[in-house]
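Asks: Residue numbers for the sequence shown follow our numbering, beginning at 21 and rising by one. From the three backbone atoms N, C-alpha and C, an ideal C-beta is built for every residue, glycine too. On a predicted model such as this, the values are computed, not experimentally measured, just so you know. Quick one: structure below, then a few questions.
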Amino acid sequence: MRIYRLAVEMTGFIDNQRKTGQKIGFVPTMGALHQGHISLIRQSKKENDLSICSIFVNPAQFNNPADFQKYPITIENDINLLELAGCDVLFLPSIEEIYPSQFKKEQYDLGYLETILEGKYRPGHFQGVCQVVDRLLSIIDCNTLYLGRKDYQQCRVIEKLLQLKKYNITLHICETIREIDGLAMSSRNVRLSTSERTQAAAIYEAFLYIQKNIKIVPLSDIKQAAESLLTSKGFKVDYIEIANDKLMPLDTWDGKSAIVALIAAYLNEVRLIDNMMIA
Ligand code: PAF
Numbered sequence: 021m022r023i024y025r026l027a028v029e030m031t032g033f034i035d036n037q038r039k040t041g042q043k044i045g046f047v048p049t050m051g052a053l054h055q056g057h058i059s060l061i062r063q064s065k066k067e068n069d070l071s072i073c074s075i076f077v078n079p080a081q082f083n084n085p086a087d088f089q090k091y092p093i094t095i096e097n098d099i100n101l102l103e104l105a106g107c108d109v110l111f112l113p114s115i116e117e118i119y120p121s122q123f124k125k126e127q128y129d130l131g132y133l134e135t136i137l138e139g140k141y142r143p144g145h146f147q148g149v150c151q152v153v154d155r156l157l158s159i160i161d162c163n164t165l166y167l168g169r170k171d172y173q174q175c176r177v178i179e180k181l182l183q184l185k186k187y188n189i190t191l192h193i194c195e196t197i198r199e200i201d202g203l204a205m206s207s208r209n210v211r212l213s214t215s216e217r218t219q220a221a222a223i224y225e226a227f228l229y230i231q232k233n234i235k236i237v238p239l240s241d242i243k244q245a246a247e248s249l250l251t252s253k254g255f256k257v258d259y260i261e262i263a264n265d266k267l268m269p270l271d272t273w274d275g276k277s278a279i280v281a282l283i284a285a286y287l288n289e290v291r292l293i294d295n296m297m298i299a
């Protein structure tokens, strides 16, 4: 696997590959890789000639400085996992490479996506995500971008970014990869203690509860019951929401259209998010 740390080198390499008609898949990450990320690399390998992964812990998207400080860094393990998965190139830039002194911050018009759910609880987060993804895409001119459905709102935000900036890039949203007990794989899971790790499966139980009862219990009651389930397992809930596929929260459901349940909750210091298509 090639490793580039400089933006000019990364762009130079991509430009040469594109001249020869190579199809390029790109998986942006913040490292601390797990099988969820690796599934994105595998999907990219299936559909492209060349698969590129970036690892950059983006300070601009952390609204909580302590969360940034504690973000796990496991670069040697990440490189091993990427090599095993057959990733072709790793882009591993410094902060100065991504945000050089002449870097101009943009404001992205994300509409309601910015103020609901994660946007409400993490002000500025999605502007930071757009800032870094926009910058990465200016360096890595890819055909397809791969993102995990676990961060469903982020997927919708980046879809909006691609439209706003008229990128000619296909967005491929890949399924969430789960542990045996249903906990969605996440870089933050390593911060859970053994007992918290056991408790964490309650998020998946809450989704199963919602899925089982969605046709018989009104939405507001179902959300309240799911919250009680999480609270009884030691969670502090930021939100439990049921939304349509555009992520508009719903008060009632017509019993037919696609809906997604979304949860964000703390287990002590660690904030976990997840979502599941319910119908
Ligand atoms: O999902 C992530 O890991 C990050 O938000 C992303 C998309 C790599 C941008 O920093």
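1) Does the beta-carbon of Asp171, which I'm using as the reference point, lie nearer than 7 Å to any heavy atom of ligand 1?
2) From which residue to which residue does the beta strand (DSSP E) around Ile72 run?
3) Name the one or two DSSP bridge partners that Thr144 has.
4) In chain order, what residues of the same chain lie with their CB nearer than 7 Å to the CB of Thr49, ignoring the 5 residues before and after it?
5) Could you have a look at Asn295 and say whether DSSP puts it in helix, strand or coil?
6) At a cut-off of 7 Å, is Thr49 close to ligand 1 when judged by its beta-carbon and the heavy atoms of the ligand?
7) With respect to 7 Å, is the separation between the Cβ of Gln174 and the closest non-hydrogen atom of ligand 1 below this value?
8) In the structure shown, what three-state DSSP assignment does Lys43 receive?
9) Are the segment 155-165 and the segment 39-48 in contact at 8 Å, needing three or more beta carbon pairs?
10) Where does Phe123 sit, in a helix, a strand or coil, going by DSSP?
11) Check whether the Cβ of Leu81 sits closer than 7 Å to any heavy atom of ligand 1, and report yes or no.
12) What's the gap between the Cα of Arg291 and the Cα of Asn209?
13) Quick one: what does DSSP say Glu216 is sitting in, helix, strand or coil?
14) Do Val280 and Met296 count as a contact pair if the criterion is CB distance below 8 Å?
15) Do Val109 and ligand 1 come close, with the Cβ less than 7 Å from some heavy atom?
16) Does the distance between the C-beta of Asn264 and the nearest non-hydrogen atom of ligand 1 fall short of 7 Å?
17) In terms of alpha-carbon separation, which member of Asp201, Leu156 and Glu225 lies closest to Ile189?
Replies: With the given structure in hand:
1) yes
2) Leu70 to Ile75
3) A quick correction: the sequence has Gly, not Thr, at residue 144. Partner(s): none; Gly144 has no beta bridge.
4) His57, Cys73, Ser74 and Ile75
5) strand
6) yes
7) yes
8) coil
9) yes
10) coil
11) For clarity, residue 81 is Gln in the given sequence; the question names Leu instead. Yes - ligand 1 has a heavy atom lying nearer than 7 Å to the Cβ of Gln81.
12) 9 Å
13) helix
14) yes
15) no
16) no
17) Leu156
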